[in-house]
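What follows is a single structure, written as structure tokens, with notes after it.
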Amino acid sequence: MAELERAAARYRERDASAALTGFWSLRNPAVLHVAQERERVALQLLAAAGIDLAALRVLDVGCGFGLEFTSLLRWGVRGQALIGIDLMHERLRVARGISPALLVQASGTALPLRDASLDLVCQNVVFSSIVDPAARRASAAEMLRVLRPGGWLLWYDAFRTRARDPHFRAVPRAEVEALFPGLAWRWRTLTSDIGIAARLRRVPGALALLDASGLARTHLLGLGQRA
């Protein structure tokens with residue numbers, strides 16, 4: 097419970113900060129660049145796996161304001177087959193205004209869903225906000241519980257960071273694979289360090305060169321299939 101209370105308090109603090117919400121807006125060229133790269137790589141992985149999203153029941157764990165719903169619907173997920181789970185009532189209230197998804201206020205450590213009832217489970221930068229190892233293990237176990245055999249997990253999160261925020265802890269690939277045993281993974285590294293990208297955003301061609309170098313990548317995008 098202490099971890100859930102800490103996370104909820106931190107999310108409220110972040111949501112109340114005009115500086116943070118403004119920085120992470122798609123109006124920021126660096127953030128838009130990161131989002132477009134992630135969407136491109138995610139679609140490549142899904143296509144390579146032969147996944148027809150229109151046929152799947154999909155869960156977004158930690159859906160927040162529902163910003164990922166727009167992408168999932170654009171990729172072919174049906175609105176009536178999309179479920180969003182989040183701790184924060186305030187965020188879900190906003191999400192209800194932009195998406196036909198079924199939205200439920202709950203913790204990732206206790207998903208109110210049946211065993212093996214979902215085809216695709218997604219998490220986007222949720223686990224890096226869970227700093228307690230036991231809560232990470234519990235959330236991963238719940239995601240596995242609701243995922244059917246042969247189903248897919250779509251993962252996007254930081255594997256390293258320069259930040260010294262006590263509310264943020266990167267999740268290396270080895271830890272992800274230990275949290276989700278029995279999944280066969282396809283991995284990509286992406287997302288150049290957002291601080292560096294923000295400083296370079298006004299230099300023509302600089303972001304493309306930074307990405308191409310691969311030296312400042314901070315995130316993993318993975319698609320794992322359950323046996």
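As numbered in the working numbering, residues 97 to 323 make up the sequence shown, in order. Backbone N, C-alpha and C fix where the C-beta goes; we use that ideal spot for every residue, glycine too.
- For Ala259 and Arg282, the gap between their C-alpha atoms comes out near 27 Å.
- When the Cα atoms are used, Gln201 and Val222 turn out to be separated by approximately 15 Å.
- Shown here, Thr287 sits in a strand according to DSSP, grouped into three states.
- At the C-beta level, Ile179 and Arg210 stay beyond 9 Å of one another.
- Within a 10 Å sphere around the beta-carbon of Glu164 sit 16 or more other beta-carbons, which makes this residue buried.
- Comparing C-alpha distances from Thr205 to each of Ile292, Val130, Asp148, Ala237 shows the shortest one belongs to Ala237.
- With 16 or more other CB atoms across the displayed protein chains lying within 10 angstroms of its CB, His315 is buried.
- Secondary structure at His263: coil, using DSSP grouped into helix, strand and coil.
- A distance below 6 Å between beta-carbons, with the five flanking residues on each side excluded, links Leu243 to the following residues of its chain, in chain order: Leu214, Val217, Arg322.
- In the three-state scheme derived from DSSP, where H, G and I count as helix and E and B as strand, Val130 is classed as helix.
- Taking a contact to require three or more Cβ pairs closer than 8 Å, the stretch 260-271 and the stretch 157-172 do not qualify as touching.
- Collapsing the DSSP output to three states places Arg297 in coil.
- Excluding sequence positions up to five before and after Ile147, its CB lies within less than 7 Å of the CB of Trp248, all in the same chain and listed in chain order.
- Between the C-alpha atoms of Leu275 and Ala234 there is a straight-line separation of about 9 Å.
- For the pair Glu101 and Ala230, the CB atoms are not nearer than the 9 Å cut-off.
- DSSP, read as helix, strand or coil, puts Pro245 in strand.
- Of the candidates Gly318, Ile292, Gly301, Gly318 places its Cα closest to the Cα of Thr285.
- Judged by DSSP secondary structure, Gly118 falls within the alpha helix (DSSP H) whose first and last residues are 114-119.
- In the three-state scheme derived from DSSP, where H, G and I count as helix and E and B as strand, Thr166 is classed as helix.
- Shortest Cα-Cα distance from Gly320 to any of Asp307, Asp289, Glu273, Ile290 involves Glu273.
- Gly162 places its beta carbon less than 9 Å from that of Ala191.
- DSSP places Arg110 within a helical segment (H, G or I) once states are collapsed to three.
- Going by beta carbons, Ala126 and Ala294 fall inside the 9 Å limit.
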